[in-house]
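See below for the structure under consideration.
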Amino acid sequence: MNATDQPATGVVPAHVAIVMDGNGRWARQRLLPRVAGHRAGMEALRRTLTHAVRRGVRVLTVFAFSSENWARPPDEVAAILRLLGQALIDEVPRLHEAGVRLRVVGAREGLEPALVDGIAEAERRTAANTALTLNVCFNYGGRWDIVQAARRLAETGAPITERTLAEALALAHVPDPDLVIRTGGEQRISNFVLWQLAYSELFFTDCLWPAFDEAEFDRALAAYARRQRRFGRTPEQVAAPAA
Ligand code: FPP
Numbered sequence: 035m036n037a038t039d040q041p042a043t044g045v046v047p048a049h050v051a052i053v054m055d056g057n058g059r060w061a062r063q064r065l066l067p068r069v070a071g072h073r074a075g076m077e078a079l080r081r082t083l084t085h086a087v088r089r090g091v092r093v094l095t096v097f098a099f100s101s102e103n104w105a106r107p108p109d110e111v112a113a114i115l116r117l118l119g120q121a122l123i124d125e126v127p128r129l130h131e132a133g134v135r136l137r138v139v140g141a142r143e144g145l146e147p148a149l150v151d152g153i154a155e156a157e158r159r160t161a162a163n164t165a166l167t168l169n170v171c172f173n174y175g176g177r178w179d180i181v182q183a184a185r186r187l188a189e190t191g192a193p194i195t196e197r198t199l200a201e202a203l204a205l206a207h208v209p210d211p212d213l214v215i216r217t218g219g220e221q222r223i224s225n226f227v228l229w230q231l232a233y234s235e236l237f238f239t240d241c242l243w244p245a246f247d248e249a250e251f252d253r254a255l256a257a258y259a260r261r262q263r264r265f266g267r268t269p270e271q272v273a274a275p276a277a
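Taking the numbering used here, the leading residue of the sequence shown gets 35, the next gets one more, and so forth.
Have a look at this one:
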C-alpha cells in the first residue's frame with residue numbers, strides 16, 4: 035500500500051506463507067503459561083499483517099492450528115479456539131477497514147457451530163476486499179487438503195489432473211506461496227500447504243513467533259529478493275528466457 039518505503043532492491047513476494055512457531059517457548063522463557071505465548075503470537079500476527087500490506091504483499095497465509103494440534107492439552111486447545119473466536123469479534127472490523135479479505139482455511143468438523151457461523155460471517159463481510167487476502171489455516175493440514183480435494187473430484191467424476199486437483203484445494207482462491215517463513219528454529223514443513231509449496235522459497239529463522247517483527251520480516255523479504263527462482267529450468271534459461 036505504501037510504495038515509498040519498499041525495500042530498495044528485488045521483487046516483493048506476492049504470497050507469503052508463515053509457520054508461526056515458538057509461542058510456547060517464548061512464554062516459558064518468561065515463566066508465563068503457554069497461552070500467554072499464543073496471545074503474544076496474535077500481536078505478532080497483527081504486526082506482520084500491517085507490515086505485509088505496507089510492503090505490497092498481496093496474500094498472507096498463516097498456520098494457526100493444525101489438524102494435529104488437537105492432541106495438545108485440552109486447556110491449550112480451548113484457549114486457541116477462544117483466540118480465534120475473539121479475533122473474529124475484535125479484529126474483523128479493523129481488517130475490513132484496512133481492505134483485508136479474510137479466509138479461514140481448514141475443516142469445519144470439530145468446531146463449535148457458533149465459531150463456524152462467526153467464520154462464515156467474517157468471510158462474507160470481507161469477501162470483496164482487495165488490499166490483501168489473509169488466509170488463516172485453522173484445523174488445517176496439507177494432507178487433509180489433498181484428500182478432501184481428491185474426494186471432491188471422485189464424487190463429481192471429474193478427471194484427475196494437476197489442474198483439477200489444484201482447483202479443488204482449499205487454497206485455490208490464491209496463487210501458490212512464493213515465500214514460506216518458519217519461525218522458532220525448526221526446519222520442517224509440518225504438514226503445511228504441501229501441494230502448493232512445490233516451488234516456494236523457504237526462509238527459516240530462530241526468532242520465536244511472538245518476537246517476529248518488521249525487521250525480521252524485512253530480512254526474509256530481502257533473502258527472497260536475492261534468490262533466483264528457476265522452476266526446473268537452468269540458470270542460463272532464466273537469465274535469457276527467450277533462448
Ligand atoms: C506454534 O507455537 C503456535 C501455534 C500452534 C498456535 C498459533 C497461534 C497464534 C500465533 C495465535 C493466533 C491465533 C489465531 C487463532 C489467528 P508452539 O505453541 O508450537 O510453540 P513451541 O514450539 O515453542 O511450543
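Glycine residues also receive a C-beta, built at the ideal position from the N, C-alpha and C atoms. Quick caveat: nothing in here was measured; it's all calculated off a predicted structure.
- Relative to ligand 1, even the nearest heavy atom lies 7 angstroms or more away from the CB of R128.
- Collapsing the DSSP output to three states places A51 in a strand.
- For A98, the enclosing beta strand (DSSP E) begins and ends at V93 to S100.
- Around the C-beta of T268, fewer than 16 other C-beta atoms lie within 10 Å, and the residue is accordingly described as exposed.
- Segment contact: the segment 203 to 221 against the segment 234 to 250, three or more CB-CB distances shorter than 8 angstroms; contact assigned.
- In this chain, the alpha helix (DSSP H) harbouring F251 covers E248 to R260.
- As the crow flies, the alpha-carbon of R222 is around 22 angstroms from that of A141.
- The Cβ-Cβ distance between L149 and L94 does not fall below 8 angstroms.
- L117 has its CB nearer than 7 angstroms to a heavy atom of ligand 1.
- Between L228 and R177, the C-beta gap is smaller than 8 angstroms, which places the two residues in contact.
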